[in-house]
Amino acid sequence: MSRAKNPGKPRQPKKLRVGIYGITGCAGCQLSIIFNEDDILDLLDLVDLQAFPFIKEVNADQHFDWVIVEGLVASEQDLATVKKLRRNAKYLVSLGACAATGCVPAYRQFTLKENYEHLLYRKQKRLKDVEPTPIDAHVKVDYYIPGCPPDKKEILGFFTAIARGIEPRGTDNPVCVECRKNGNACLLDQGKPCLGPITAGGCHAVCINGGLECWGCRGPTKDMNLNLMIDILRKKGFDDRFIRDRMRTFAGLKLPTLNRIFHGKG
Amino acid sequence: MPLMETYRQTKADWKRFLEALMKGRELIAPVKRDLVRFERVKDIEDIHLKSMSYFPAKHWFFPEEQTLFRFSKKGFEMPKQKEPRRVFFGLRKCDLNAIKHQDMVFIKQAKDPYYKALRKKSLLLGYHCRTAPSPFCFCESLGLPDFFDLLYYERKDHFVVEVGSAKGKALVKKYGRWFHAEKGLTPEQRRIKNADTLEETDIGRFYDHPGWKEGVNLCLSCGACTALCPTCYCHSIHDEVTVADPGSGERKRQWSSCQLQGFTKVAGGHVFRKDRESRFKHRIYHQLEWFREKNKVPLCTGCGRCIQGCPTRIDWVSMINRMKDDEHRT
Chain H
40 MSRAKNPGKP RQPKKLRVGI YGITGCAGCQ LSIIFNEDDI LDLLDLVDLQ
90 AFPFIKEVNA DQHFDWVIVE GLVASEQDLA TVKKLRRNAK YLVSLGACAA
140 TGCVPAYRQF TLKENYEHLL YRKQKRLKDV EPTPIDAHVK VDYYIPGCPP
190 DKKEILGFFT AIARGIEPRG TDNPVCVECR KNGNACLLDQ GKPCLGPITA
240 GGCHAVCING GLECWGCRGP TKDMNLNLMI DILRKKGFDD RFIRDRMRTF
290 AGLKLPTLNR IFHGKG
Chain W
9 MPLMETYRQT KADWKRFLEA LMKGRELIAP VKRDLVRFER VKDIEDIHLK
59 SMSYFPAKHW FFPEEQTLFR FSKKGFEMPK QKEPRRVFFG LRKCDLNAIK
109 HQDMVFIKQA KDPYYKALRK KSLLLGYHCR TAPSPFCFCE SLGLPDFFDL
159 LYYERKDHFV VEVGSAKGKA LVKKYGRWFH AEKGLTPEQR RIKNADTLEE
209 TDIGRFYDHP GWKEGVNLCL SCGACTALCP TCYCHSIHDE VTVADPGSGE
259 RKRQWSSCQL QGFTKVAGGH VFRKDRESRF KHRIYHQLEW FREKNKVPLC
309 TGCGRCIQGC PTRIDWVSMI NRMKDDEHRT
């Protein structure tokens, strides 16, 4: 096969057209991108940032190679946005815990509507709420950058990987792997309800480094031993309600078996 | 076996000796904070010898993460690291033999320049366990040989010191004023009475034994055992590129663990040790069987840190002992 020769003029690969959007969420994950202050200008050089309404005034809404979405689907408008973005992008990336698991806002799925409805939705008629759900409940997600908030270096790693045309290097190892490397004392051993063993790492065990147990913000690992984790916490004296609520805080919708284990809603 | 050269050193002289070694060297020894770790020691009073360290000294030779080389479109260069000279004090028999086993892997087999650079400038001063330093250790079951530059036996008001290498001999010669003649120790005095015993190290025939299930059911696959193991050497390698030029960056290696699914993930995404049981057994079989098939000795040195540090205290030693007992009964 012969290739077109272009002597003296190295072929510049076309930059990837990227869009970064937020739906219902605190925008903290989009901030995590910007927190890469020392690299942000190089990052803008690396990709063709077509849309980033959080910091940019003129934004395209179609013809994306990659679109990155923060937040969960909590309103009809969110749903329309995420479906439109999916249609207009080759690849869709879920950024942060809300997009990946539903995170804290999805907690309202675990309580009765009359417990919260009067607080907001009856006052704000304009808001048309839907069941709070992660993005992948509605559209196909090609890649996840989890975390509440995501690790800013991991975001950079994602961008350099797609620019090189290789698969980004995520991790599905439990938090314990990084925690032990950091030389931390095990918080479970100290009787704290640490969810590190069933939670995906990549966060460098930042909470445990600071003495706070893992709450599971990066979502469960595919390989988790959930029943054993619950057994351990029960043996340490935590009651079922506490264990269920703790596990539901960040990733309840990704732990559907909790319902069965703890006998239903409530 | 020729008798070891043996000396007596007062505790005051021991302190003087370590202080003398600290001139031009870093002293690494166990220090107790929330847990006992091998740390850089400035004050000899900080050295903790009462119990075994929770973390081994492994990372001083085989760091958790390390840069192998930097690369760009122009080529690549090794990091110009100047490793400090180090003296280790308080390594126990398990720790010392673990270093010996990692030497086999990194120096003898892989000829790894990074490990070698850290290792060759190190003095290994061991500390003999009079009684079991941990409720989980079982080194005597593995018949570990002597491996040290100097080995310290603590007595009430002095140390008895054995010389185990040419490096150790040179130290005694140089600092002779702090070493006094002492008669050699008897095999009984040199023994370590462990808390635990592993009754069988040749476990090939137990591979399909239902007894493993007990451990597998208690396993979170968290990788604590391999991180805390002084001998586990498996690692993964990846590139970290710069944002300014994704064609340049660093190639790094970091600890990995056979307990993780991702450890056996190959091109195309296939994971060939997907089930927990095969991963659980892999560690123990590599430690006791497969390393020995290549190197004549088991990899494990019986420190028991993998049991002590396991969130569910999976006692695989007792599991193997029970499999062996079952065999006698039938």
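Protein chains in written order, with my numbering: chain H, 40 to 305; chain W, 9 to 338. Here a beta-carbon is modelled for each residue, glycine too, at the ideal position from N, C-alpha and C.
Residues that residue i contacts on chain W, provided the C-beta gap is smaller than 8 Å
i: cysteine 225/H; result: Ala232, Gly317, Pro319
i: leucine 248/H; result: Here the sequence assigns asparagine to residue 248/H, which means leucine is not the residue at that position. None at all; the shortest Cβ gap to chain W is about 13 Å.
i: arginine 208/H; result: His246
Beta-carbon gap between residue i and residue j smaller than 7 Å
i: aspartate 181/H; j: leucine 124/H; result: no
i: alanine 140/W; j: alanine 232/W; result: no
i: proline 188/H; j: cysteine 68/H; result: yes
i: phenylalanine 103/H; j: asparagine 127/H; result: yes
i: isoleucine 306/H; j: glycine 110/H; result: Since the first residue shown for chain H is 40 and the last is 305, residue 306/H is missing from the structure and cannot be characterised.
i: leucine 193/W; j: phenylalanine 155/W; result: no
i: valine 44/W; j: aspartate 54/W; result: no
i: valine 290/H; j: glycine 255/H; result: The sequence shown places alanine at residue 290/H, not valine. Going by C-beta atoms, alanine 290/H is nearer than 7 Å to glycine 255/H.
i: histidine 177/H; j: glutamate 217/H; result: no
i: threonine 75/W; j: lysine 332/W; result: no
i: aspartate 262/H; j: glutamine 269/W; result: yes
i: cysteine 147/W; j: glycine 310/W; result: yes
i: valine 251/W; j: aspartate 87/H; result: no
i: tyrosine 60/H; j: valine 112/H; result: no
i: proline 171/H; j: proline 144/H; result: yes
i: proline 259/H; j: isoleucine 282/H; result: no
i: glycine 255/W; j: lysine 81/W; result: yes
i: threonine 239/W; j: histidine 109/W; result: yes
i: lysine 275/H; j: glycine 230/H; result: yes
i: proline 71/W; j: glutamate 34/W; result: no
i: leucine 292/H; j: glycine 141/H; result: yes
i: isoleucine 322/W; j: glycine 219/W; result: no
According to DSSP, residues forming a beta bridge with residue i
i: proline 38/W; result: Phe46/W
i: isoleucine 107/H; result: Ile59/H, Val132/H
i: tyrosine 160/W; result: Tyr135/W, Val169/W
i: valine 113/W; result: Paired residues: none, contrary to the question.
i: glutamine 74/W; result: Arg261/W
i: alanine 189/W; result: Tyr15/W
i: alanine 90/H; result: Gly58/H
i: serine 130/W; result: Arg94/W
i: serine 80/W; result: Gly83/W
i: lysine 201/W; result: Thr139/W
i: isoleucine 55/W; result: Val39/W
Element boundaries [alpha helix (DSSP H), containing residue i]
i: arginine 24/W; result: 19-29
i: tryptophan 263/W; result: Not the alpha helix (DSSP H): tryptophan 263/W falls in the beta strand (DSSP E), residues 257-263.
i: alanine 290/H; result: 279-290
i: glutamate 196/W; result: 195-198
i: glutamine 316/W; result: 313-316
i: methionine 155/H; result: The amino acid at residue 155/H is misidentified as methionine; the sequence shows tyrosine. Per DSSP, tyrosine 155/H belongs to the alpha helix (DSSP H) from 152-159.
i: alanine 174/W; result: 174-182
Contacts of residue i in chain W (Cβ-Cβ under 7 Å)
i: cysteine 253/H; result: Ordered by position in chain W, no residue passes the 7 Å Cβ test against cysteine 253/H, which lies about 11 Å from the chain.
i: cysteine 215/H; result: Cys230, Gly231, Ala232
i: proline 236/H; result: Leu228, Cys230, Pro319
Beta-carbon neighbours of residue i, restricted to chain H and to distances below 8 Å
i: tryptophan 68/W; result: Those within 8 Å of tryptophan 68/W in chain H number zero; the least Cβ separation is about 12 Å.
i: cysteine 249/W; result: Before going further, note that residue 249/W is valine rather than cysteine in the sequence given. The answer, in chain order, is Thr199, Arg203.
i: glutamine 269/W; result: Asp211, Lys261, Asp262
i: arginine 45/W; result: Gly222
i: aspartate 103/W; result: Chain H residues near aspartate 103/W: none, gap ~16 Å exceeds 8 Å.
i: cysteine 227/W; result: Asn264, Leu267
i: aspartate 42/W; result: Ala224
i: proline 254/W; result: Leu85, Thr199, Ala202, Arg203
Under 9 Å from the C-beta of residue i: neighbouring residues of chain W
i: threonine 296/H; result: Result: empty, since nearest Cβ-Cβ is about 16 Å, beyond 9 Å.
Element boundaries [beta strand (DSSP E), containing residue i]
i: arginine 94/W; result: 94-99
i: glutamate 91/W; result: No beta strand (DSSP E) contains glutamate 91/W, which DSSP labels as neither H nor E.
i: leucine 85/H; result: No beta strand (DSSP E) contains leucine 85/H, which is instead part of the alpha helix (DSSP H) from 79-85.
i: alanine 113/H; result: 112-114
i: glutamate 96/H; result: It is not in any beta strand (DSSP E) - glutamate 96/H carries neither H nor E in the DSSP assignment.
i: threonine 172/H; result: 168-172
i: glycine 83/W; result: 83-85
Amino acids of chain H, ordered along the chain, whose beta-carbon sits closer than 7 Å to that of residue i
i: aspartate 323/W; result: By Cβ distance, chain H contributes nothing, its closest Cβ being about 16 Å from aspartate 323/W, past 7 Å.
i: tryptophan 263/W; result: Lys220
i: phenylalanine 63/W; result: Gly222
The ligand GDP heavy atom lying under 6 Å from the CB of residue i
i: phenylalanine 280/W; result: The ligand GDP is not among the ligands present in this structure, which contains no ligands whatsoever.
Which runs of the beta strand (DSSP E) spanning at least 3 residues fall entirely within the region 176-213 of chain H, listed in chain order? 182-184
Alpha helix (DSSP H) segments (min. 4 residues) lying fully within the region 205-255 of chain W: 220-225, 232-236
Within the region 232-276 of chain H, note down every full beta strand (DSSP E) run reaching 3 residues or more, in order along the chain. none
Please list the segments of the alpha helix (DSSP H) lying wholly inside the region 267-310 of chain W, counting only runs of 4 or more residues, in order along the chain. 284-293, 299-303
Residues of the region 82-112 of chain H with a CB closer than 9 Å to any CB of chain B: list them in chain order, please. You won't find chain B in this structure, because its protein chains are H and W.
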